[in-house]
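Structure first, then comments.
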Amino acid sequence: MLYNTGTIAINGNNASGTGTNWTAPASQVRAGQTIIVMSNPVQMFQISSVNSATSMTVTPAASPALSGQKYGILVSDNISVDGLAQAMSQLIKEYDENIGAWETFATTSANQTITVTINGTTITIPGIGKLAQKGTNGALPIEQGGTGETTAAGARAGIGLKNGFPIAEYNATNETVIDNVVAKMRGFSLATIQNSGQMTGEFYEIPQSAPTLWVGANDTWFLMSVHYLTRGIRIMSGYGTAGVTTTRLLLDNLTTTVDSNGFIKKASPIARLSDNPEIMPASFLEDFQLSGYAGTNCEAEGVTAEKLSTGVYEVRGAKGLCSEGWTLEVPQDENGNRLCFVTTETSENGTVTVHVFKRRFDIDSAMIVAGEPMDIPSGRWIDLRLEMPENSAWNQRHKEAMKKEPQEPAS
């Protein structure tokens with residue numbers, strides 16, 4: 009039987025093949041066999057060793073050198089006792105090598121190198137015990153597609169994510185942790201912080217229970233913190249080693265109101281008093297709920313208003329007007345002139361009575377005073393800033409929420 013796949017080139021004692029697979033078990037090529045090269049004249053060699061699928065050592069040395077020649081290897085030399093003995097010896101040797109490797113593969117739990125020969129090709133694989141490990145019993149090395157670790161922290165470190173960046177979640181309870189987060193904001197990165205403890209310090213002013221978002225780009229970063237109640241939205245930014253800038257408070261619909269004249273004012277409990285809610289513009293109830301003749305914001309929940317007579321309105325459910333800051337805003341025309349004259353009275357139970365009059369110029373005092381009663385101008389409203397009782401719906405929700413907040417540790 010001959011093996012004659014491909015072509016052969018021989019230079020000295022080194023033979024190389026093109027299109028050959030001399031190490032494949034099916035080829036049966038081994039040391040001691042005879043090679044016949046179809047050169048002119050024909051040359052014969054004996055195989056000293058098979059080095060690879062395309063390389064072997066032969067004897068004697070070729071003279072002259074051969075290239076691209078057809079050839080034949082006498083692989084069935086077992087018509088003699090010596091040939092049969094060599095063939096059996098080589099077969100047993102290869103069997104012992106492979107069966108030992110497969111036994112190690114099936115029984116070991118170590119991540120060791122196991123070498124087997126398949127179709128003449130040598131490959132390395134981990135033991136089956138290692139492949140079968142799950143959960144905390146083992147870790148897949150990085151070079152095999154794993155992290156090399158069995159814990160989350162170890163896995164992050166194994167693949168180069170220090171402290172969870174570029175994407176991480178922190179439970180920040182003190183200034184040191186927050187400072188460390190800021191210090192690590194390099195490159196494009198994003199972090200969310202469940203701020204269960206207040207961020208203290210000269211510039212922070214970030215309240216407790218205010219989830220915070222950090223975003224960085226190169227040496228710059230910004231922070232946005234949103235409190236779940238009325239502490240507002242705060243932002244902060246910084247650049248490189250310049251540190252933290254002063255925290256800025258954003259105005260929103262919970263901390264401000266737009267009055268009847270379109271101006272933004274600091275808000276608390278607000279009631280918008282009108283003469284006919286049915287003909288009011290859509291802006292009248294933006295972030296407000298209708299309650300009788302008034303629109304109320306969330307902090308003024310429970311307040312209601314009714315019209316008693318021409319120019320007389322009663323607002324109930326509050327403790328009166330706010331004790332500090334602005335208390336009411338009267339609608340104006342495009343030139344800033346007030347459209348009516350307004351006075352208020354507050355009873356002991358907190359009910360506010362609003363009186364609306366026509367404006368009249370008093371010659372003696374040279375002042376605008378109350379004239380004849382009139383209704384609130386059509387399509388306009390009077391803003392009332394109120395003081396709410398402790399048992400109001402808003403205050404009760406606020407108290408319950410504050411009870412659930414984590415308490416600051418005693419100093």
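In my numbering, the protein residues as written are 9 to 419.
Backbone N, C-alpha and C fix where the C-beta goes; we use that ideal spot for every residue, glycine too.
- For Thr228, the enclosing beta strand (DSSP E) begins and ends at 228 to 234.
- Between Pro339 and Leu329, the C-beta gap is not smaller than 9 Å, which leaves the two residues out of contact.
- Of all C-beta pairs linking the region 305 to 323 to the region 370 to 377, fewer than three are shorter than 8 Å, placing the two stretches out of contact.
- In this structure the region 59 to 67 does not lie against the region 99 to 115, because fewer than three pairs of beta carbons, one per stretch, are closer than 8 Å.
- In the displayed model, Gly387 falls within coil according to three-state DSSP, outside both helix and strand.
- Within its own chain, the residues whose Cβ lies closer than 7 Å to the Cβ of Glu395, once the five positions on either side in sequence are excluded, are Ala326, Lys327, Gly328, Leu329, Cys330, Ser331, listed in chain order.
- By the CB criterion at 9 Å, Glu353 and Lys273 fall outside the cutoff.
- Taking C-beta separations shorter than 7 Å and ignoring five residues to either side along the sequence, the partners of Leu82 in its chain run Leu10, Gln41, Thr42, following chain order.
- Gly387 is a Cβ neighbour of Pro289, given a cutoff of 9 Å.
- For a cut-off of 8 Å, the C-beta gap from Ala17 to Leu74 is around 6 Å, short enough to register as a contact.
- Taken through DSSP and simplified to helix, strand or coil, Gly379 comes out as strand.
- For Ala378, same chain residues with a beta-carbon under 6 Å away, outside a window of 5 residues either side, are Phe349, Phe365 in chain order.
- Between the alpha carbons of Asn357 and Gly310 lies a gap of roughly 15 Å.
- Taken through DSSP and simplified to helix, strand or coil, Ala302 comes out as strand.
- When secondary structure is reduced to three states using DSSP, Thr318 falls in the coil class, being assigned neither helix nor strand.
- Counting the other Cβ atoms within 10 Å of the Cβ of Leu257 gives fewer than 16, which makes it exposed.
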